[in-house]
Amino acid sequence: MGAVPVEMSRERFEELVGDALDEVPEELLSLMSNVVILVEDDPPPGDPELLGLYEGHALTERGWDYSGVLPDRILIYRRPILRICDSDEDVVDEVAVTVVHEIAHHFGIDDDRLHELGWG
Numbered sequence: 001m002g003a004v005p006v007e008m009s010r011e012r013f014e015e016l017v018g019d020a021l022d023e024v025p026e027e028l029l030s031l032m033s034n035v036v037i038l039v040e041d042d043p044p045p046g047d048p049e050l051l052g053l054y055e056g057h058a059l060t061e062r063g064w065d066y067s068g069v070l071p072d073r074i075l076i077y078r079r080p081i082l083r084i085c086d087s088d089e090d091v092v093d094e095v096a097v098t099v100v101h102e103i104a105h106h107f108g109i110d111d112d113r114l115h116e117l118g119w120g
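1 is the number of the first residue of the sequence shown in UniProt numbering; add one for each residue after it.
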């Protein structure tokens, strides 16, 4: 793996994820169900450029039999985001885009539609 162009503590990065969540309209946040948002340093092996990941059952896929399951997870990967950014401002923007992108997956919006909407 290459050098990280932007240095940022995990604590500061987690604050940026929190700030990005604060920008999501309350109407949407209140609709999110059984999901946690976590920061991890690195993505799974074999996918070093992955910035975020949604694991779980999108709201659009949940049926009458959806119960007793562990929370869905939205993972935001710190090191890949820092690697592609040139400044702290870039990190703020990329974290916001990545958080919105993964929340959209929770609502059942796929990558193709996100790209059409400019959130790819």
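Ideal placement from N, C-alpha and C gives every residue a C-beta, glycine not left out.
- Is R113 buried or exposed, if buried means 16 or more other CB atoms sit within 10 Å of its CB? exposed
- Identify which residue in W64, G63 and P43 has its Cα closest to the Cα of Y54. P43
- Determine the direct distance from the alpha carbon of H115 to that of A104, and round the result to whole angstroms. 11 Å
- Query: At what residues does the beta strand (DSSP E) containing G52 begin and finish?
  - Reply: G52 to E55
- Report buried or exposed for E102, applying the criterion of at least 16 other Cβ atoms within 10 angstroms of its Cβ. buried
- Task: Put E7 into one of helix, strand or coil per three-state DSSP.
- Result: coil
- Message: Between which two residues does the beta strand (DSSP E) holding I109 run?
- Response: Premise fails: I109 is in no beta strand (DSSP E) and is neither H nor E.
- Output the boundary residues of the alpha helix (DSSP H) element that contains L28. E26 to L29
- Just the Cα atoms here: how many angstroms apart are residue 132 and V100? In the structure as shown, the chain starts at 1 and stops at 120, and residue 132 therefore has no counterpart that could be examined.
- What is the rounded straight-line gap between the Cα of G56 and the Cα of T98? 17 Å
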